[in-house]
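Residue numbers (the working numbering): 9 to 137.
Notes to accompany the following structure.
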């Protein structure tokens, strides 16, 4: 009917464990992804007030799977979470990239870098600790 799709997302994640495999959660998540990839009309994803999108559910409705058609919105009181954030950071950023991002974003680190650059001798050794 050439209508846009509107998805109200308030989903828990999935783990990929045997329980999720047995309940075919991964299978149905993959079917949703396949349908969204092929959908030729606008797709609006909305996380409602007090709604939550957690874990593997992000993968299912990531606008990157159909970037020309998908847009995501969320209420100010909506929540999103990824289980085990340190693991995600490790996958997304290797150590050198993580350090570069830290020094680029963190104002405290930028101040320490400036102090380190302008120091010498014992003062520099103390700052490097």
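All C-beta atoms in this analysis are idealised placements derived from N, C-alpha and C, irrespective of residue type, glycine included.
Given residue i as reference, the closest of the options once Cα atoms are compared
i, options, result
"residue 73", "14, 31, 47", "47"
"residue 18", "50, 41, 32, 89", "89"
"residue 62", "103, 20, 15, 115", "20"
"residue 6", "38, 125, 136, 50", "Lying outside 9 to 137, the shown extent of the chain, residue 6 is not represented and no answer is given."
"residue 41", "52, 117, 70, 54", "70"
"residue 57", "105, 106, 16, 133", "16"
Buried versus exposed, by CB contacts within 10 Å (16 or more), residue i
i, result
"residue 68", "buried"
"residue 65", "buried"
"residue 78", "buried"
"residue 44", "buried"
"residue 14", "exposed"
"residue 129", "exposed"
"residue 126", "exposed"
Supposed contact pair residue j and residue i - C-beta distance, whole angstroms, cut 8 angstroms
i, j, result
"residue 86", "residue 60", "7 angstroms"
"residue 124", "residue 135", "5 angstroms"
Heavy atom of the ligand ADP within 8 angstroms of residue i beta-carbon
i, result
"residue 114", "Of the ligands one can find in the structure shown there are none, so the ligand ADP has no counterpart to examine."
Looking at C-beta atoms only, is the number of pairs between the segment 103–114 and the segment 70–89 that lie closer than 8 angstroms three or more?
no
Beta strand (DSSP E) runs wholly inside the segment 45–116, at least 3 long, in chain order:
51–55, 60–62, 78–82, 87–89
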